[in-house]
Amino acid sequence: MPPIRLALCITDLDVGGAERCLEELVIGVDRRRFSPVVYCLAPRPQNDEASCGAPVERAGIAVHYLGARHLWSLPRVIRDLSERLRRQNPQVIQTFLFHANIVGRLAARRAGVPCVVSGVRVAEHRARWHLWVERWTRNLVDRHVCVSRAVADFTARNTGIDNNRLVVIPNGIDVDRLRAVKAASLAEYGIAAGRRAVTFVGRLDPQKGLSWLLDTAVEWLPRLASHDLLLVGHGRQRAALERQAVRLGIGGRVRFAGWRPNVAEILAASDLLVLPSRWEGMPNVVLQAMALGLPVLATDVEGTRELLGPAAAQTVAYGDTPTFVNRLVTLIEDRRSGAELGLENRQRAASEFSLGAMIAAYQRLWESLAGG
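Count along the sequence shown from 1, then add 212; that gives the number in the numbering used here.
This is how it looks when you write it as structure tokens:
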């Protein structure tokens, strides 16, 4: 039997959670069973090191960049993608992220692609026009893959999508590969020799709750004399957060590292991952920290609680500053307890969130649709 022709479409391929998921998924698919091609709405990233597309191309998989820079590019991109899909003639298209979900489903139906699968990655209260477009196009989709049960429940409530069209496939992680990661030298990121890091990784965006994190740091940094706060990532809030840190009197203890390609190595050198998000889907950085055996302190939001499981010591309600501060200090000062939580995290990542299990679940879904 010839392999199933598979198209995968994503908004952009700058390094991020969804982008990394696509990269690992398409590289990991069984090429005897699937023949994949990737389509990216945005232009090619200028730096291959900061791109999830370059590893896909090195694996021998075609990546087509459609050059969308603005919303008004989308009608042209829909036509372009539709023409490319007609030439490829895929049996299934899998899309990732809001804009690619909408463009992909419209182009796929125009091109006559028989099976359309969309990805839902966050439980986000979207703008009214986003919801309208989602509802207007929802019946063009055969299945919506949600990264957590909480995201699936949120999607059903807010979009009216039938539950029988929702499928939960959690993100996966290659635990064995991460076991070999060597810890980075944090001096490169402003953490002086002999000092330790409490680390955040992600976009510097209001979703991530970083303004609140800095407010809490006023209380916990004085109690942890040997630790600094390291923020890894870029985003539109950086300048405002830098000003806030100075205003709060903690500018000398907060380091802004910007975007870095070696997140795993930075986490391996850290004592704790913090993720104070206001909402999530299933954050890859938490899964990465778990696989590295690192304790985590995160807000009790969608997806995160499913990753960390019943370990209440690692989750706090967003905005509960006293509990957040006390748990953070305890996780740092009680090194034995932190190490035990880290070991439990690694075991949970390996047993419940393996990369192989994620890839297998997607393959089963695509085969069931293509064969049905």
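Glycine included, C-beta positions come from ideal geometry on N, C-alpha and C.
Residue environment, residue i, which counts as buried when at least 16 other CB atoms sit within 10 Å
| i | result |
| --- | --- |
| Pro473 | exposed |
| Thr542 | exposed |
| Leu307 | Note that residue 307 corresponds to Thr in the displayed sequence, not to Leu. Thr307 is buried by the Cβ-count criterion. |
| Leu283 | exposed |
| Val458 | exposed |
| Met502 | buried |
| Ala320 | buried |
| Trp341 | exposed |
Cβ neighbours of residue i in the same chain (closer than 6 Å, five flanking residues each side left out)
| i | result |
| --- | --- |
| Gly229 | Asn496 |
| His439 | Arg408 and Val410 |
| Lys420 | Gly414 and Ser489 |
| Ile216 | Phe246, Gln303 and Ala582 |
| Asp260 | Ala266 |
Short Cβ contact (7 Å threshold) for residue i with residue j
| i | j | result |
| --- | --- | --- |
| Thr527 | Glu492 | no |
| Leu484 | Ala510 | no |
| Val315 | Ala262 | no |
| Ile305 | Ala219 | yes |
| Asn313 | Ser330 | yes |
| Asp354 | Val380 | no |
| Glu514 | Val363 | yes |
| Thr349 | Arg317 | yes |
| Leu504 | Leu390 | yes |
| Ser360 | Glu231 | no |
Separation of residue j from residue i, as counted between CA atoms
| i | j | result |
| --- | --- | --- |
| Asn383 | Gln500 | 10 Å |
| Leu567 | Glu295 | 33 Å |
| Leu297 | Ser285 | 18 Å |
| Leu608 | Leu436 | The requested residue 608 is not part of the displayed model; the chain covers only 213 to 584. |
| Ile403 | Phe468 | 10 Å |
| Arg291 | Leu343 | 23 Å |
| Arg244 | Pro214 | 8 Å |
| Leu520 | Ser563 | 13 Å |
Neighbourhood of residue i by C-beta distance below 7 Å, restricted to the same chain and skipping five residues each side
| i | result |
| --- | --- |
| Val289 | Leu253, Leu278, Ala280 and Val315 |
| Ala323 | Ser294, Leu297 and Arg298 |
| Leu460 | Leu426 and Val430 |
| Glu235 | Cys264, Pro267 and Val268 |
| Leu553 | Pro507, Ala523, Ala525 and Gln526 |
Close-in-space but distant-in-sequence residues of the same chain around residue i (CB under 8 Å, 5 per side omitted)
| i | result |
| --- | --- |
| Trp424 | Pro488, Tyr530, Gly531 and Thr533 |
| His446 | Arg415, Leu416, Gly470 and Trp471 |
In chain order, each alpha helix (DSSP H) run of at least 4 residues that lies wholly inside the stretch 289-376
310-323, 340-349 and 361-371
Write down every uninterrupted run of the alpha helix (DSSP H) in the stretch 226-274 whose length is 4 residues or greater and which is fully enclosed by it, in chain order.
229-240 and 265-270
Can you give, in chain order, each stretch of the beta strand (DSSP E) that sits fully within the stretch 371-449 and has at least 3 residues?
378-380, 408-413 and 439-444
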